[in-house]
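Here's the structure, in structure tokens; my notes come after.
Protein chains: 2
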Amino acid sequence: MDNGNDKSVDEANREFYKALESGSINRMDAIWLHEDWVRCVHPGWDMVKGWSQVRETWDKIFQGKQKMRISPENVSVQTHGDVSWVTCTENITVVYEASFDTVQAVATNLFICKDGRWLMAHHHASSIPMVLPDAATDTIQ
Amino acid sequence: MDNGNDKSVDEANREFYKALESGSINRMDAIWLHEDWVRCVHPGWDMVKGWSQVRETWDKIFQGKQKMRISPENVSVQTHGDVSWVTCTENITVVYEASFDTVQAVATNLFICKDGRWLMAHHHASSIPMVLPDAATDTIQ
């Protein structure tokens, strides 16, 4: 970690995942910067633009019947001035009524320090395939 | 776009895609910040950590026989101090010897201003499915 701010960024990142587990839109409200230029990519989705639309997607996700347990690991924080971005692996367990699935994703979470608080301005998560390609040239990038 | 710096960030972003099309590792060298804390996620990949490993992945990709044409659109730039992040849709045409595929991805490209130049410190790209989910609750996040 870079500097003294990184501990509070790490806490903001943990709070994001706790909010996601809780299914509480109010907790998500408290974490995000409410600006029309914030962006969010859920795994497998197109980019969602602006807080109003981003909030709607969380709301829909939270209306689902499944419960999630998310354990972030490989957490890395980079802070430059009032901008900080966190990368991590998301270990996600999706619990249904009588079964569960476990998947992994990688995330880029960007926070901005406003009035002494780190607020999320950008979330980009993408699934990691269970079997990684043998050769880089098998993929398009 | 936010401020006067955004034009040069937009140019750095365009240069990244030109380098990707060119298949030149030297052009990619010139674009990236050579630090062990840079990160890169290619579509469908796990996160790659540190310039040395990131460079290796570009090198492998460039050794493939396919050629790429990439047209970024929906470009949005946010600059805070010496950090700037660009979001865009990547329209990717992969050209093989006698055929081609067209795919779309969304990207988060983060740049840091060092000695007056915007250098890439983070790239996270993920594929957009051809058919988007009808309901947010069908997906895990």
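Protein chains in written order, with our numbering: chain A, 1 to 141; chain B, 142 to 282.
By construction, the Cβ of each residue, glycine as well, lies at the ideal position given by its N, Cα and C atoms.
By a C-beta neighbour count over all protein chains shown, 10 Å radius and 16 as the cutoff for buried, is residue i buried or exposed?
| i | result |
| --- | --- |
| B:Gly257 | exposed |
| A:Val36 | As written in the sequence, residue 36 of chain A is Asp, which differs from the Val given in the question. Result: exposed. |
| A:Val95 | exposed |
| B:Glu214 | exposed |
| B:Phe241 | exposed |
| A:Gly81 | exposed |
| A:Ser30 | Checking the displayed sequence, the identity of residue 30 of chain A turns out to be Ala instead of Ser. Counting Cβ neighbours within 10 Å, A:Ala30 comes out exposed, since fewer than 16 surround it. |
| B:Ser212 | exposed |
| B:Pro184 | buried |
| A:His34 | exposed |
Just the C-alpha distance for residue i and residue j, rounded to the nearest angstrom, thanks.
| i | j | result |
| --- | --- | --- |
| B:Glu197 | B:Met169 | 11 Å |
| A:Arg14 | A:Thr87 | 12 Å |
| B:Lys255 | B:Arg180 | 17 Å |
| B:Val216 | A:Gln63 | 31 Å |
| A:Glu97 | A:Gln53 | 29 Å |
| B:Ile253 | A:Val83 | 11 Å |
| A:Asp46 | B:Val247 | 7 Å |
| B:Val244 | A:Phe16 | 31 Å |
| A:Gln66 | B:Glu152 | 43 Å |
| B:Arg210 | B:Ala160 | 11 Å |
| B:Thr230 | A:Ile128 | 20 Å |
| A:Gly23 | A:Lys60 | 10 Å |
| A:Asn91 | B:His263 | 21 Å |
| B:Trp226 | A:Thr108 | 12 Å |
| B:Asn146 | A:Glu21 | 38 Å |
| A:Val77 | A:Val48 | 24 Å |
| A:Thr147 | A:Thr79 | Any property of residue 147 of chain A remains undetermined from this structure, which presents chain A solely from 1 to 141. |
Quick one: measure Cβ to Cβ for residue i and residue j, integer angstroms, because I've assumed they're closer than 8 Å.
| i | j | result |
| --- | --- | --- |
| A:Trp51 | A:Ile25 | Not quite, the Cβ-Cβ distance comes to about 12 Å (not below 8 Å), so this is no contact. |
| B:Glu266 | B:Val182 | Correcting the residue identity first, residue 266 of chain B is Ala in this sequence and not Glu. 6 Å between Cβ atoms; contact. |
| A:Pro32 | A:Leu119 | In the sequence on display, residue 32 of chain A carries Trp and not Pro. Confirmed, Cβ separation roughly 6 Å. |
Consult DSSP for residue i and reduce its assignment to one of helix, strand or coil.
| i | result |
| --- | --- |
| A:Ser99 | coil |
| B:Ile269 | coil |
| B:Lys206 | coil |
| A:Ala121 | strand |
| A:Asp138 | Caution is warranted here: a pLDDT of 48 is assigned to A:Asp138, below 50, making its placement in the model unreliable, and the coordinate value is therefore given only provisionally. Of the three classes helix, strand and coil, the one that applies to A:Asp138 here is helix, per DSSP. |
Inset, instruction - Would you list, in sequence order, the uninterrupted alpha helix (DSSP H) runs of no fewer than 4 residues that lie entirely inside the region 3-61 of chain A? - result: The qualifying runs are 6-22, 25-31.
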